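Please read the structure below before turning to the comments.
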Amino acid sequence: MSGALSWTLDDRRLSGSRGMTVLEGAESAGLSIPHLCRGCFKTGGGRCRLCTGLINGRPRATCIEPLAEGMRVEFDTPELRTLRRTLLEILLAQCGKDHGTTELDAEAARMGVQESAFARAQACLPIERGPGQIVIDHARCIMCGRCERAADAAGAAGFVRVIGRGEGRRLWMDDQVQIDNACLGAIVAACPTGALRLDQSTRGKP
Amino acid sequence: MTSRLDDLIVRECRAHSDDRHRLLDILHDVARREGQVSAPHAAGIADRLGLSTADVIEAVHFFDRFHDHPRGCTLVQVSDDAVSRLRGSRAVITILREHLESAPGSDDDAHFRVQPSGDMGLADQGPVVLVDDVVIPEVGEREAHVIGTHLREGRPASGLITSLGDGNNAHPLVHSAVHNHVRQVGPVIFRPMARGEALRKAVRMTPAEVMRAVKTARLRGRGIDSLPTGVKWGFVRAACAERVESLWGQEAAIGRDYSREFDRIMEVDERYVVCIACDPEPGSFRDRVMLTECAERVFAGMTIAGYAVGARLGLLYIREEYAYLVTFLEALLAKRAEDGLLGQDICGKRGFDFEIQVRLGAHPHVLGEETSIIAACEGRAGAVHPRPPYPTSCGYLGHPTATNCAETLCCVSKILDEGSGSFCECGTSQSAGTKLLCVSGDCRRPGVYEVPFGISIRSVLELAGAENTGFVLLSGQSPRLTTEAEFAHRIGYEHVATTGSIQCFARARDPLAIIASYAQALHAEQCGACVPCRGGLPLVREMLDRFAEGTACRAELDQLHRLAEALRTGSLCVLGKAAGKFLSQALEDHRSLFESRARGQRAVARSHIEAKPRGADKPAHAAGD
Ligand code: SF4
Ligand code: SF4
Ligand code: FES
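Sequence lines, in order, name chains A and B. Reminder that position 92 of the first sequence reads as 91 in numbering that gives the first Met the number 0, one-by-one numbering, no gaps. Reminder that position 549 of the second sequence reads as 548 in numbering that gives the first Met the number 0, one-by-one numbering, no gaps.
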């Protein structure tokens, strides 16, 4: 099954191995492709579309597309640069750009997106106290699902879930699930936008 | 949790054999009884079915049908899509609200809630009112008063059916006032066919031969996925072969006697057929008519597909508005099982077992996106799943699955019955056979037309009695609003590809209002899994509304272009892509109109579709273009 294969990324000839995604292939060659929803997880990307590349001429999310022999991937084209900027502006229109330290802001800075052209008046989303010491800033959540995967990995599947549909999607946490602080920490750490944090005031002893 | 709640949940779950994959059916029943699926309900159901509460909550919040708090026990839905609005759905909603919602705003303890809905699969006979599975078509203001009074007096909704529809709508098990409106019968779908004949012929061949016959007939998917059907089935077969091989390879590697592991191999080798029959696109109603008039043919097609790919279970996914058909469909299935056309050793073929289950879905249907429909069939929230893996290798319950729409499967029956040659007799070189078109809007004869591929848009309009048509909205992977200059174009995969919903609009209508209302219809179907569509489509919708009203500014035109491009290239599924293509095309075709509105040169035209009387004079903004 395993084996080396060769492929090209923007005219650069690269080698990779079977079973990798295109994004992993690029990373293993020391190139970085912007991505947000995949995070450090092997699976579950495909939602933010920031990593979109043209694979043999067709737009695909590179974080889920398996690498194949002879694959031709274009990433640095004017159209795709515009796409990435537009995507970031859509996200920033929703959650604002004021924290400055999160992964989302880092991606925005990297692409030179200062502010969103799409900013609009919308319903103020609440900052909510979740189970344990978690605090959820709903306006900052981009529904990437990384916290879900972190919870899965920490053995707390079903503790946190993105529910609802369309614009009404939001984060939900199950306050009936018992969860320890280490696990909460892992979940908070997975969030690329700072939508989750631990309330310092009661941290430590419950 | 109170014991009453416990009892209810146990009863409802048991009624569906505690099968977690029937979660949607269970939620439908609980919602019907309780008017809500609250957090305690969800926790109880999760407990009973062995799911996590999150799974149930996710499903409750995803589908529009379910609510987690009481919102009036009886839901009165009124179709309020673009076409229904042409026919006065807004007035109907107002009248019903006056009758039924005594205190607007405080609907906590009201008995009724009147809800405007998007497309309901009945665009040919809107506005439609839906109460308790009872569909009342063609509701005008007078009928609205009658319905309002009737319901307010506490009489059952079934009493509102005063006359029955044509064909099987009058069947005692259907008993519905819906009309079929089959306006033109072609050689493939609605032509009478000897029952069981196609299936008997199929089982005399090998599965490979069946697939070859479908390939020779050049049959392509009639739904949003236009892949050749034989090729799709081939993918399912190939995925199965790969799975078994990898397992056998493993077993061989560890030196085990794998002939004794037959069960495990069978388990690995499970595969399924899913028939999408929920009329997922705005303005489509072909599945409704097929299920009413030729359900047997759909079932035969599913069974043949099952034979071809080696599945033992087929799922028929229908939309909630078609719940009135469920008893009828299940009776047909029972009869087929009795006659040896379903069940074990079908048509005497040893070892060919196949069963069909009906799954009642819920909004949204995401234009029939396969992964979304499969999730709903599994009893999960129907958010689109990124691909790969593709459903043909990892679909229902993670097994290879053939998803086909009902029309495709009807074509399969025809091909097996009469041979590939006769199927190819109509149509064009690249689009064999016929297509069902659902014509609605400004025309005298809305309904279903079975036409050969290659027919021009103009001929369709003539058939439907659509005079003075200025714009036609065609659904599909690349939906578009065509103008008169394009009416000579022909329908077919190589020309103008469409999934069959044809909405006609008179010249007097405002194209920007039509474009805005289509964006709204797509927005109402989105799942929200990916960023461009979840975040972009609402922006597009708002901007288009402003263009329709004439309050948009110049900068918004550039923003629309950028969003259209992001939707087209960035979206995860066919819905966002379709929205992007539709928007780019519209911006190109109606550029001067968009520009004139953006500058706000003309008198501010408050020209929502619904505000304009039929046959009104050409609005001022269109005069100079
Ligand atoms: S809370 Fe953070 S990690 Fe979780 S979905 Fe929202 S943005 Fe993603
Ligand atoms: S394009 Fe729209 S409908 Fe499709 S996955 Fe994305 S959000 Fe869902
Ligand atoms: S990282 Fe690939 S789609 Fe989000």
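Positions of the beta carbon are idealized from the N, C-alpha and C atoms, including for glycine. If you're wondering where the values come from, they're calculated on a predicted model, not measured in any experiment.
When DSSP builds the beta bridges, which residues end up paired with isoleucine 501(B)?
By 1-based counting over the second sequence, the position of residue 501(B) is 502. Answer by DSSP bridge pairing, in chain order: Val438(B), Leu473(B).
Taking 6 Å as the limit between beta carbons, can you name the residues of its chain near serine 16(B), skipping five residues before and five after?
Taking the second sequence and counting its residues from 1, the one referred to as residue 16(B) is at position 17. Counting only Cβ-Cβ distances below 6 Å, and skipping sequence neighbours, we find nothing.
Under the assumption that alanine 382(B) contacts serine 371(B) (Cβ atoms under 8 Å), give the Cβ distance between them as a whole number of angstroms.
Start at 1 with the first residue of the second sequence, and residue 382(B) comes out as number 383. Start at 1 with the first residue of the second sequence, and residue 371(B) comes out as number 372. Their Cβ separation, rounded to whole angstroms, is 7 Å, which keeps alanine 382(B) and serine 371(B) in contact under 8 Å.
Run through the DSSP bridge pairs and tell me what tyrosine 448(B) is partnered with.
Counting from one through the second sequence, the residue named residue 448(B) turns up at place 449. Per DSSP, Gln183(B), Leu436(B).
How is the alpha helix (DSSP H) around glutamine 356(B) delimited, first residue to last?
Counting from one through the second sequence, the residue named residue 356(B) turns up at place 357. That residue, glutamine 356(B), is in no alpha helix (DSSP H); its beta strand (DSSP E) goes 354-359.
Can you have a look at arginine 567(B) and say buried or exposed, based on whether 16 or more other CB atoms are within 10 angstroms of its CB?
In the second sequence, the residue the question calls residue 567(B) occupies position 568. Under this definition arginine 567(B) is a buried residue.
Using beta-carbon positions only, say whether leucine 543(B) and isoleucine 501(B) come within less than 9 Å of one another.
For the purposes of this step, residue 543(B) is taken as residue 544 along the second sequence, with counting starting at 1. For the purposes of this step, residue 501(B) is taken as residue 502 along the second sequence, with counting starting at 1. Contact flag unset, no.
Leucine 562(B): contacting residues in chain A (beta-carbon distance under 9 Å)
As a first step, residue 562(B) is located in the second sequence; it is residue number 563 there, counting from the start. Those within 9 Å of leucine 562(B) in chain A are Thr85, Ile89, Phe117.
Tell me, please, which residues DSSP counts as bridged to proline 227(B).
Looking up residue 227(B) in the second sequence gives position 228. According to DSSP, which records beta bridges pairwise, proline 227(B) is partnered with Arg219(B).
Quick one: what does DSSP say isoleucine 8(B) is sitting in, helix, strand or coil?
Numbered from 1 along the second sequence, position 9 holds the residue referred to as residue 8(B). Isoleucine 8(B) falls in the helix class under three-state DSSP.
Going by alpha carbons, who is nearest to alanine 116(A) out of Glu88(A), Phe74(A), Leu30(A)?
The residue you call residue 116(A) lines up with position 117 of the first sequence. Checking every option, the nearest Cα to that of alanine 116(A) belongs to Glu88(A).
For ligand 3, is there a heavy atom less than 8 Å away from the beta-carbon of isoleucine 63(A)?
Sequence index remark: in the first sequence, residue 63(A) carries index 64 (1-based). Result yes, Cβ under 8 Å from ligand 3.
Closer than 9 Å, CB to CB, is proline 537(B) near chain A or not?
In the second sequence, counting from the first residue as 1, residue 537(B) sits at position 538. Yes, contact with chain A.
Any Cβ of chain B within less than 9 Å of the Cβ of isoleucine 221(A)?
This structure leaves residue 221(A) out entirely; chain A is present only between 0 and 205.
For arginine 148(A), I'd like the list of residues in its chain whose CB is within less than 6 Å of its CB, leaving aside the five on either flank, ordered along the chain.
Within the first sequence, the letter at position 149 stands for residue 148(A). So the list reads Phe40, Gly43, once near-sequence residues are dropped.
Less than 9 Å between the beta carbons of isoleucine 456(B) and phenylalanine 486(B), yes or no?
Residue 456(B) sits at position 457 when you count from the first residue of the second sequence. Residue 486(B) sits at position 487 when you count from the first residue of the second sequence. Yes, the Cβ-Cβ distance between isoleucine 456(B) and phenylalanine 486(B) is below 9 Å.
If we require 3 or more residues per run, which beta strand (DSSP E) segments fall completely within the region 103-180 of chain B?
111-116, 128-130, 133-135
Quick one: what's got a C-beta closer than 6 Å to threonine 468(B)'s C-beta in the same chain, skipping five residues either side?
In the second sequence, the residue the question calls residue 468(B) occupies position 469. Counting only Cβ-Cβ distances below 6 Å, and skipping sequence neighbours, we find Leu460, Cys503.
For aspartate 256(B), count the other beta carbons within 10 Å of its own beta carbon; 16 or more makes it buried, fewer makes it exposed. Which is it?
For the purposes of this step, residue 256(B) is identified with residue 257 of the second sequence, where counting begins at 1. Residue placement at aspartate 256(B) cannot be trusted, given a pLDDT of 47 that sits under 50; the coordinates are not used to answer.
Which residues, in order along the region 156-171 of chain A, keep a beta-carbon less than 9 Å from a beta-carbon of chain B?
Ala156, Gly157, Phe158, Val159, Arg160, Val161, Ile162, Gly163, Arg164, Gly165, Glu166, Gly167, Arg168, Arg169, Trp171
Just to confirm, are aspartate 9(A) and aspartate 75(A) a CB contact at a threshold of 9 Å?
The sequence position of residue 9(A) within the first sequence is 10, counting from 1. The sequence position of residue 75(A) within the first sequence is 76, counting from 1. Yes. Within cutoff.
Per-residue DSSP class, three states only, for alanine 238(B):
Here residue 238(B) refers to the residue found at position 239 when the second sequence is read from its first residue. Note: alanine 238(B) maps to helix in three-state DSSP.
DSSP three-state assignment for tyrosine 271(B), whether helix, strand or coil
Counting from one through the second sequence, the residue named residue 271(B) turns up at place 272. In the structure shown, tyrosine 271(B) sits in a strand (DSSP, three-state: E or B).
Are the region 289-304 of chain B and the region 195-204 of chain B in contact at 8 Å, needing three or more beta carbon pairs?
yes
Let me check you understand the geometry: is the CB of histidine 34(A) closer than 8 Å to at least one non-hydrogen atom of ligand 3?
If you number the first sequence from 1, residue 34(A) lands on position 35. Yes, ligand 3 has a heavy atom inside 8 Å of this Cβ.
Alanine 189(A): CB within 8 Å of a non-hydrogen atom of ligand 1
The residue labelled residue 189(A) in the question sits at position 190 within the first sequence. True, at least one ligand heavy atom lies under 8 Å from that Cβ.
Taking only the alpha-carbon atoms, compute the straight-line gap between leucine 4(B) and isoleucine 44(B) and give it to the nearest angstrom.
Your numbering for residue 4(B) matches position 5 in the second sequence. Your numbering for residue 44(B) matches position 45 in the second sequence. Those two C-alpha atoms are separated by around 10 Å.
Would you mind stating whether arginine 139(A) and alanine 194(A) have Cβ atoms separated by less than 9 Å?
In the first sequence, counting from the first residue as 1, residue 139(A) sits at position 140. In the first sequence, counting from the first residue as 1, residue 194(A) sits at position 195. Closer than 9 Å, so yes.
Short Cβ contact (9 Å threshold) for isoleucine 275(B) with alanine 577(B)
In the second sequence, residue 275(B) corresponds to position 276, counting from 1. In the second sequence, residue 577(B) corresponds to position 578, counting from 1. Taking 9 Å as the Cβ cut-off, isoleucine 275(B) and alanine 577(B) do not qualify as a contacting pair.
Using only the alpha-carbon positions, how far apart do valine 243(B) and alanine 518(B) sit?
In the second sequence, counting from the first residue as 1, residue 243(B) sits at position 244. In the second sequence, counting from the first residue as 1, residue 518(B) sits at position 519. Valine 243(B) and alanine 518(B): Cα-Cα distance of roughly 45 Å.
Residues of chain B with CB closer than 8 Å to the CB of glutamine 206(A), please, in chain order.
Residue 206(A) lies beyond the stretch modelled for chain A, which goes from 0 to 205, so this question has no answer here.
Are the region 53-73 of chain B and the region 490-499 of chain B in contact at 8 Å, needing three or more beta carbon pairs?
no
Along the chain, where does the alpha helix (DSSP H) that runs through serine 88(B) open and close?
The sequence position of residue 88(B) within the second sequence is 89, counting from 1. It spans 88-99 - the alpha helix (DSSP H) in which serine 88(B) sits, taken as one unbroken run.
At a cut-off of 8 Å, is alanine 528(B) close to ligand 2 when judged by its beta-carbon and the heavy atoms of the ligand?
The count along the second sequence starts at 1 and reaches residue 528(B) at position 529. Yes; taking the cut-off as 8 Å, the Cβ of alanine 528(B) has a heavy atom of ligand 2 nearer than that.
Taking the alpha carbon of glycine 464(B) as the point to measure from, which residue in Gln183(B), Phe111(B), Ala563(B) has its own alpha carbon closest?
Within the second sequence, residue 464(B) is the residue found at index 465, counting from 1. Residue Gln183(B) is the option with its Cα nearest to glycine 464(B).
is_contact[valine 573(B), chain A] using C-beta, thresh 9 Å
Residue mapping note: residue 573(B) aligns to position 574 of the second sequence, counting from 1. No, because no Cβ of chain A sits closer than 9 Å to the Cβ of valine 573(B).
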